[in-house]
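Engineer: Protein chains in written order, with our numbering: chain A, 23 to 465; chain B, 64 to 316; chain C, 521 to 845.
Ideal Cβ positions, reconstructed from N, Cα and C, are used throughout, including at glycine.
Everything numeric in this text was worked out from a predicted model, so none of it was measured.
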Amino acid sequence: MKSQGQERKYVPELPQKEAEELRNSAKTMSMKVMADNIQRMKKTAPNRPEAMQYFDDISNFFGQREKEIRAEKEKGKKVIGYFCTFAPIELILAADAIPVRVSSGFYDTSKLGDRIVPVEVCPVIRSTIGAKMVGLSPYLELSDAIISTLTCDGMTKLSEIMSDYKPILTMSPPRVKDSAQSLHLWSEEIKAVKAQIEEVTGNKITSKKLRAAIETMQKATKAFRRLQDLRKGNPVIMGRDAMLVNQTSMWDDIKRWTEKTEALCDELEKRVQQKAWACPPDTPRVLVTGTPMFWPDNWKVPTLIEEATPQGVLVADELCSSDRILYDPVGIDEWTMDDMLKGISERYLMASTCPCFTSKDGNEDRINWLLNKTKEFKVNGVIYYVVRGCMLYAMEYSRVKKALDRINIPVYYLDTEYTREDVGQLKTRVEAFLEMLTARVDF
Amino acid sequence: MGIQTVKVVILKDGTVASRSKAFSGFEPTKAAEQAFEEALKNAKIPKKDVVQILATGSGMEMAPYANGTVSMMGADAKAGVFLFPSARTVIDIGAEEARAVKCDERGFMMDFVVNERCAAGAGTFIEAMARALEVKLEDMGPLSLKAERASPINASCVIFGESDVVTLIHRQESKPEIARAVFDAMADRVSSMVHRLGINPEVVLAGGVAKDVGFIESLKRNLGINLLIPEYPEYAGALGAALTAANRVKAAK
Amino acid sequence: MSLKTVSDALSLTISAGLVLAGILVIFIWIKDRTRKISYLRIFIQAVSLFAIFSTVLLLAQWNSLVLAVVILVLPIFVGRFFCGWICPFGFYLDLVSLVRKTFRIRYWILPEKVNVYLHKLRYVIAASVLATPFFFGPLDVKTWSSFLQFQGSFKPLIVYFLGPLEPLLIPWPGGIGFNGYSLSYPYIRGITIYWNDPLFSTIAVWAFLAVTVASSFMVRRFWCRFCPTGVSAAALNRFSFLKRIPIVHLNKSEEKCTKCGICKRACPVQVTEVYEQKGGDIATSMCMMCLRCVEMCPYEGCLKVNAAGKTIIKSRNWLEPSKSE
Numbered sequence: 023m024k025s026q027g028q029e030r031k032y033v034p035e036l037p038q039k040e041a042e043e044l045r046n047s048a049k050t051m052s053m054k055v056m057a058d059n060i061q062r063m064k065k066t067a068p069n070r071p072e073a074m075q076y077f078d079d080i081s082n083f084f085g086q087r088e089k090e091i092r093a094e095k096e097k098g099k100k101v102i103g104y105f106c107t108f109a110p111i112e113l114i115l116a117a118d119a120i121p122v123r124v125s126s127g128f129y130d131t132s133k134l135g136d137r138i139v140p141v142e143v144c145p146v147i148r149s150t151i152g153a154k155m156v157g158l159s160p161y162l163e164l165s166d167a168i169i170s171t172l173t174c175d176g177m178t179k180l181s182e183i184m185s186d187y188k189p190i191l192t193m194s195p196p197r198v199k200d201s202a203q204s205l206h207l208w209s210e211e212i213k214a215v216k217a218q219i220e221e222v223t224g225n226k227i228t229s230k231k232l233r234a235a236i237e238t239m240q241k242a243t244k245a246f247r248r249l250q251d252l253r254k255g256n257p258v259i260m261g262r263d264a265m266l267v268n269q270t271s272m273w274d275d276i277k278r279w280t281e282k283t284e285a286l287c288d289e290l291e292k293r294v295q296q297k298a299w300a301c302p303p304d305t306p307r308v309l310v311t312g313t314p315m316f317w318p319d320n321w322k323v324p325t326l327i328e329e330a331t332p333q334g335v336l337v338a339d340e341l342c343s344s345d346r347i348l349y350d351p352v353g354i355d356e357w358t359m360d361d362m363l364k365g366i367s368e369r370y371l372m373a374s375t376c377p378c379f380t381s382k383d384g385n386e387d388r389i390n391w392l393l394n395k396t397k398e399f400k401v402n403g404v405i406y407y408v409v410r411g412c413m414l415y416a417m418e419y420s421r422v423k424k425a426l427d428r429i430n431i432p433v434y435y436l437d438t439e440y441t442r443e444d445v446g447q448l449k450t451r452v453e454a455f456l457e458m459l460t461a462r463v464d465f
Numbered sequence: 064m065g066i067q068t069v070k071v072v073i074l075k076d077g078t079v080a081s082r083s084k085a086f087s088g089f090e091p092t093k094a095a096e097q098a099f100e101e102a103l104k105n106a107k108i109p110k111k112d113v114v115q116i117l118a119t120g121s122g123m124e125m126a127p128y129a130n131g132t133v134s135m136m137g138a139d140a141k142a143g144v145f146l147f148p149s150a151r152t153v154i155d156i157g158a159e160e161a162r163a164v165k166c167d168e169r170g171f172m173m174d175f176v177v178n179e180r181c182a183a184g185a186g187t188f189i190e191a192m193a194r195a196l197e198v199k200l201e202d203m204g205p206l207s208l209k210a211e212r213a214s215p216i217n218a219s220c221v222i223f224g225e226s227d228v229v230t231l232i233h234r235q236e237s238k239p240e241i242a243r244a245v246f247d248a249m250a251d252r253v254s255s256m257v258h259r260l261g262i263n264p265e266v267v268l269a270g271g272v273a274k275d276v277g278f279i280e281s282l283k284r285n286l287g288i289n290l291l292i293p294e295y296p297e298y299a300g301a302l303g304a305a306l307t308a309a310n311r312v313k314a315a316k
Numbered sequence: 521m522s523l524k525t526v527s528d529a530l531s532l533t534i535s536a537g538l539v540l541a542g543i544l545v546i547f548i549w550i551k552d553r554t555r556k557i558s559y560l561r562i563f564i565q566a567v568s569l570f571a572i573f574s575t576v577l578l579l580a581q582w583n584s585l586v587l588a589v590v591i592l593v594l595p596i597f598v599g600r601f602f603c604g605w606i607c608p609f610g611f612y613l614d615l616v617s618l619v620r621k622t623f624r625i626r627y628w629i630l631p632e633k634v635n636v637y638l639h640k641l642r643y644v645i646a647a648s649v650l651a652t653p654f655f656f657g658p659l660d661v662k663t664w665s666s667f668l669q670f671q672g673s674f675k676p677l678i679v680y681f682l683g684p685l686e687p688l689l690i691p692w693p694g695g696i697g698f699n700g701y702s703l704s705y706p707y708i709r710g711i712t713i714y715w716n717d718p719l720f721s722t723i724a725v726w727a728f729l730a731v732t733v734a735s736s737f738m739v740r741r742f743w744c745r746f747c748p749t750g751v752s753a754a755a756l757n758r759f760s761f762l763k764r765i766p767i768v769h770l771n772k773s774e775e776k777c778t779k780c781g782i783c784k785r786a787c788p789v790q791v792t793e794v795y796e797q798k799g800g801d802i803a804t805s806m807c808m809m810c811l812r813c814v815e816m817c818p819y820e821g822c823l824k825v826n827a828a829g830k831t832i833i834k835s836r837n838w839l840e841p842s843k844s845e
């Protein structure tokens with residue numbers, strides 16, 4: 023942990039007053055955006071499930087959850103943040119710490135990040151830097167340590183920048199997924215981070231606690247998958263609502279989240295029986311794939327899809343901020359510490375569809391996942407969403423397009439930034455795409 | 064409802080009854096109303112006889128009297144196939160935007176690509192360059208046809224393009240050659256956009272810029288294929304919207 | 521052989537089966553999807569043990585033929601299903617593993633290369649076993665007929681190849697016996713028939729017992745990786761032109777697999793083809809069809825067992841944590 027006196031490597035010291043002002047304006051804007059988004063979701067689906075109320079409350083960054091985490095911290099619990107879905111949440115839970123994802127979705131702070139790193143850098147990174155500069159994100163502020171997986175160039179440098187503020191526990195995933203050395207490297211990284219988590223929290227991770235943590239996450243995966251399965255048929259929940267549920271799992275208390283999601287699924291199942299659809303069954307079904315979209319500001323594209331004329335419905339996505347978060351469970355054969363750690367490292371490495379990897383056997387995991395989902399969810403069209411600056415996702419576009427062309431699914435490349443100004447342009451494109459899908463659906 | 068001009072097309076019994084246009088200016092809604100009245104007068108059709116009105120273009124939200132909207136890409140596809148039944152790709156170049164659409168034989172769009180960020184592939188580029196050369200806009204085309212060759216200019220941005228033209232003037236290159244350079248650069252931008260989409264023959268060129276012979280030549284050269292050009296290319300979007308309106312009325316019955 | 525003998529055999533098997541069913545019905549239909557097939561398998565292994573025991577006991581003169589069909593012919597069509605579900609030797613090794621699991625002792629993983637060499641070793645063992653009598657007995661015209669009828673010095677061959685089917689208690693003298701019955705750990709009778717020295721026999725028997733039990737304690741199904749009895753099925757699965765013959769296949773869906781690696785970790789004989797192969801029928805001669813991988817795969821329909829094209833069992837989304845160890 024950097025002491026106050028030492029100079030920071032990257033970020034200049036912002037004068038107190040300026041930081042305060044920026045934080046307040048960004049906070050006000052964020053709260054407005056969050057409320058606005060929820061309002062619009064309610065408007066699109068007038069008979070929105072009642073169980074969504076809980077998720078609306080939790081989605082407020084500056085509300086209930088912040089207070090809860092503060093209270094837990096006062097009791098002595100530690101908070102461990104993470105940027106990517108590679109961080110082993112089971113280990114964090116087993117050490118009695120609170121896991122929160124701290125990737126930033128605030129548009130306003132990305133301009134602040136521009137002062138430190140060039141504009142071409144991934145906006146998520148810039149926004150996170152900006153958020154830290156003014157202390158905007160409560161979860162980031164409350165973290166005692168952050169697990170940073172160095173998946174892409176941006177992440178690598180971000181962890182350096184952040185190391186000025188918080189202890190960073192780095193994990194380097196190998197770039198080739200499936201060689202023997204890769205799995206060995208990753209297993210060692212997991213063991214190393216386990217020791218570091220134990221140090222930060224002061225709790226030892228025993229096999230009993232780890233087993234309990236794995237079982238908790240398995241239950242969460244079960245609820246998660248149950249929700250996604252309900253989206254396979256006619257639309258009983260709008261895509262944005264489901265996405266909100268998915269996203270809240272990243273910072274909410276996972277056990278409570280599981281309960282509430284199961285309750286939501288119960289309500290949705292009743293609606294399926296009553297055939298109370300959230301939107302007409304012939305609405306074009308869209309899948310979004312690409313760089314993660316974080317609440318609150320980055321709701322732009324899903325909002326456009328579901329409020330466009332003609333309307334579309336988001337039935338599935340391949341985003342590490344949504345349908346990918348809890349999709350894969352950790353499978354354990356015999357509950358020994360060795361097997362559990364092996365299971366955790368294999369689940370987080372092998373099952374990932376992140377384009378930061380390539381693999382010896384052709385790197386088809388992401389393509390297979392997309393093809394599978396497209397078929398299961400009867401997707402009509404795919405929107406390939408990329409934030410400007412992300413090489414990895416942008417470069418995989420041609421491959422994904424080819425694979426989807428083969429099964430005759432239209433793909434549209436949409437690239438955007440952390441800005442609210444290009445909504446008009448995006449609207450034209452999204453509406454044209456949906457019009458195209460409607461025509462295809464009709465025939 | 065284009066950025067520069069508003070165009071209106073009235074369809075009667077499957078053929079074009081009349082067309083009219085007006086400059087959008089500061090009040091596009093008013094301009095649209097004006098153009099609409101004029102078109103009705105030309106076609107000698109009373110307003111109440113118009114069963115369905117659809118608006119398209121970047122200003123479609125501001126259209127008066129419209130029953131609904133349709134995207135420019137969808138409209139272009141419909142218009143292309145209506146005018147040339149063998150058309151499968153439509154390139155529409157407007158004042159500020161360029162689009163390309165792939166369609167099937169029924170006029171349904173299958174894929175599209177839009178370029179509204181870069182003015183170097185749209186009409187205003189020609190206007191800006193004409194100003195720099197001190198040539199009238201309508202003379203740019205015939206002028207460029209006189210040139211045998213042209214120096215390439217950087218067309219990654221209109222701003223740079225303009226300064227490149229100034230460089231060529233200082234190098235004492237002739238006006239026809241510079242004019243041709245301008246069109247070649249535009250054709251480059253448009254063709255790279257179209258290549259992202261992929262070309263299915265036949266290709267229709269529409270939009271206001273399609274009236275310019277200089278650009279047509281440059282694009283033909285660049286793409287290496289023949290282009291089908293309608294008589295009133297700038298009305299393609301409005302025509303497509305009218306066709307879609309007719310289809311919707313038929314479907315409702 | 522009389523009808524009475526057959527009916528006795530059958531009734532013995534059935535009653536044994538029912539007894540076990542009574543015990544296991546408490547365990548078998550528990551909600552733990554990751555254990556269902558495993559419990560079923562242990563049950564069937566126990567039943568087959570009793571069945572074999574009664575066959576050996578009551579149909580002495582037919583045992584060779586019956587067992588030969590089971591071991592040599594059946595695997596041609598169902599692969600090494602025999603190894604996972606019927607072989608009593610395998611059953612003993614599984615019981616040893618169960619003991620290890622109760623004490624929560626971690627198993628050892630053999631390095632890939634070692635596993636593969638062991639696997640190839642069994643051809644060597646099988647060949648040498650087949651060849652041994654030629655070196656120990658007199659070679660004459662009778663030798664070949666003896667070979668074909670498993671008489672004389674070739675009698676032990678039966679014991680080798682049918683070795684794994686030996687139930688623990690056999691009704692004739694063997695290595696360690698009492699009251700006309702013998703404790704016959706598989707393959708032991710083969711050793712004792714060749715060398716009749718009692719001291720040697722006893723030592724050999726205990727040594728063999730110790731080695732197989734100990735090794736299978738730490739390495740799951742250790743013997744099975746180089747067991748010469750599994751040879752016949754192996755050959756067929758390996759060669760692509762013969763792949764048509766086995767009608768039972770383990771099939772993998774390329775699209776659904778997310779490479780989570782659970783199948784590879786759960787496999788008791790460390791088959792890696794199920795993980796590494798992209799899709800289609802998994803062709804491997806090591807797989808015992810114990811279906812642990814199918815049980816543990818968390819993606820619906822990813823791993824399937826197909827018999828003559830139709831799916832019998834497929835992987836399910838188990839996602840409910842185990843309620844018992």
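Can you check which of these residues, C:N771, C:Q565 and C:I723, is closest to G604 of chain C by C-alpha distance?
Structural biologist: Within the third sequence, numbered from 1, the residue matching residue 604 of chain C stands at position 84. Of the listed residues, the one whose Cα sits closest to G604 of chain C is C:Q565.
Engineer: According to the Cβ coordinates, are A129 of chain B and I116 of chain B closer than 8 Å?
Structural biologist: Indexing the second sequence from 1 puts residue 129 of chain B at position 66. Indexing the second sequence from 1 puts residue 116 of chain B at position 53. The answer is yes: Cβ separation under 8 Å.
Engineer: What does the Cβ neighbour count give for M417 of chain A, buried or exposed, with the cut at 16 atoms within 10 Å?
Structural biologist: Taking the first residue of the first sequence as position 1, residue 417 of chain A is located at position 395. Classification of M417 of chain A: exposed, given that the 10 Å Cβ count is below 16.
Engineer: Using three-state DSSP, classify V335 of chain A as helix, strand or coil.
Structural biologist: On the first sequence, position 313 is the one that residue 335 of chain A refers to. Here V335 of chain A sits in strand by DSSP.
Engineer: Taking the alpha helix (DSSP H) that S281 of chain B falls in, what are its first and last residues?
Structural biologist: Taking the first residue of the second sequence as 1, we reach residue 281 of chain B at position 218. V276 to L286 is the span of the alpha helix (DSSP H), which, as asked, contains S281 of chain B.
Engineer: Does the beta carbon of L393 of chain A sit closer than 8 Å to a beta carbon anywhere in chain C?
Structural biologist: Along the first sequence, one-based indexing puts residue 393 of chain A at 371. Yes, L393 of chain A lies at the interface with chain C (some Cβ there is under 8 Å from its Cβ).
Engineer: Flag this pair as yes or no: are the beta carbons of L459 of chain A and L448 of chain A separated by less than 8 Å?
Structural biologist: Mapped onto the first sequence, residue 459 of chain A falls at position 437. Mapped onto the first sequence, residue 448 of chain A falls at position 426. Not in contact: L459 of chain A and L448 of chain A (Cβ atoms no closer than 8 Å).
Engineer: Let me check understanding here. Comparing Cα to Cα, which of A:V141, A:A117, A:A300 and A:Q240 lies closest to K216 of chain A?
Structural biologist: One-based indexing of the first sequence puts residue 216 of chain A at position 194. Residue A:A117 is the option with its Cα nearest to K216 of chain A.
Engineer: A193 of chain B by DSSP, collapsed to three states: which one?
Structural biologist: Counting from 1 along the second sequence, the entry for residue 193 of chain B is found at position 130. DSSP places A193 of chain B in helix when its eight states are reduced to three.
Engineer: Is the beta carbon of I292 of chain B sitting closer than 8 Å to the one on A273 of chain B?
Structural biologist: Residue mapping note: residue 292 of chain B aligns to position 229 of the second sequence, counting from 1. Residue mapping note: residue 273 of chain B aligns to position 210 of the second sequence, counting from 1. Going by C-beta atoms, I292 of chain B is nearer than 8 Å to A273 of chain B.
Engineer: Who are the Cβ neighbours of R212 of chain B in its own chain at under 7 Å, not counting the five residues just before and after it?
Structural biologist: The residue given as residue 212 of chain B occupies position 149 in the second sequence. Result list for R212 of chain B: E240, in chain order.
Engineer: Tell me the DSSP secondary structure of K424 of chain A in three-state form.
Structural biologist: For this step, residue 424 of chain A is matched to residue 402 along the first sequence. Correct three-state label for K424 of chain A: helix.
Engineer: For the ligand HEM, is there any heavy atom lying closer than 7 Å to the beta carbon of W391 of chain A?
Structural biologist: In the structure on display, the ligand HEM does not appear, and there are no ligands present to speak of.
Engineer: Tell me the DSSP bridge mates of R82 of chain B?
Structural biologist: The residue labelled residue 82 of chain B in the question sits at position 19 within the second sequence. BP columns for R82 of chain B point to B:V72.
Engineer: Verify the CB distance criterion: does V177 of chain B have a CB-CB separation below 8 Å to chain A?
Structural biologist: The sequence position of residue 177 of chain B within the second sequence is 114, counting from 1. Cβ-Cβ to chain A under 8 Å: yes for V177 of chain B.
Engineer: Identify every run of the alpha helix (DSSP H) within the stretch 355-396 of chain A, keeping only runs that are complete inside it and at least 4 residues long; order them along the chain.
Structural biologist: 359-372, all fully within the stretch 355-396 of chain A.
Engineer: Hey, how far is the Cα of V308 of chain A from the Cα of R253 of chain A?
Structural biologist: Taking the first residue of the first sequence as 1, we reach residue 308 of chain A at position 286. Taking the first residue of the first sequence as 1, we reach residue 253 of chain A at position 231. Each residue's Cα considered, the two are about 12 Å apart.
Engineer: So does the stretch 139-157 of chain B actually touch the stretch 248-261 of chain B, counting three or more Cβ pairs closer than 8 Å?
Structural biologist: Cβ pair count under 8 Å is three or more, so yes.
Engineer: Quick test of your reading: R297 of chain B and G270 of chain B, contact by CB under 8 Å. State the CB separation rounded to the nearest angstrom.
Structural biologist: The residue given as residue 297 of chain B occupies position 234 in the second sequence. The residue given as residue 270 of chain B occupies position 207 in the second sequence. According to the sequence as given, residue 297 of chain B is Glu; it is not Arg. Confirmed, about 6 Å.
Engineer: Expressed to the nearest angstrom, what Euclidean distance is found between the alpha-carbon atoms of S57 of chain A and A48 of chain A?
Structural biologist: For the purposes of this step, residue 57 of chain A is taken as the residue at position 35 of the first sequence. For the purposes of this step, residue 48 of chain A is taken as the residue at position 26 of the first sequence. Reading off the sequence, residue 57 of chain A comes out as Ala, not Ser. Roughly 14 Å separates the two Cα atoms.
Engineer: What would DSSP say about T66 of chain A, mapped onto helix, strand or coil?
Structural biologist: As a working mapping, residue 66 of chain A is identified with position 44 in the first sequence. Helix at T66 of chain A.
Engineer: Work out the CA separation of L348 of chain A and G103 of chain A for me, nearest whole Å.
Structural biologist: On the first sequence, position 81 is the one that residue 103 of chain A refers to. On the first sequence, position 326 is the one that residue 348 of chain A refers to. The straight-line gap from Cα to Cα measures roughly 17 Å.
Engineer: Taking buried to mean at least 16 other C-beta atoms within 10 Å of its own C-beta, is E124 of chain B buried or exposed?
Structural biologist: Taking the second sequence and counting its residues from 1, the one referred to as residue 124 of chain B is at position 61. Counting Cβ neighbours within 10 Å, E124 of chain B comes out exposed, since fewer than 16 surround it.
Engineer: Counting only the same chain and skipping the five closest in sequence on each side, list residues whose C-beta sits under 6 Å from that of Q97 of chain B.
Structural biologist: As a first step, residue 97 of chain B must be located in the second sequence, where it is residue number 34. These residues qualify, in order along the chain: A85.
Engineer: Cα separation between A315 of chain B and N837 of chain C?
Structural biologist: Within the second sequence, the letter at position 252 stands for residue 315 of chain B. Within the third sequence, the letter at position 317 stands for residue 837 of chain C. Taking the straight line from one Cα to the other gives about 46 Å.
Engineer: Taking DSSP as the reference, what is the three-state secondary structure of P841 of chain C?
Structural biologist: On the third sequence, residue 841 of chain C is found 321 positions in, with the first residue counted as 1. At P841 of chain C, the pLDDT of 46 sits below 50, so the modelled position is not reliable and the matter cannot be decided from this model.
Engineer: If contact means a Cβ-Cβ distance below 7 Å, which residues of the stretch 340-355 of chain A contact chain C?
Structural biologist: So the close ones are D350, P351, G353 and D355.
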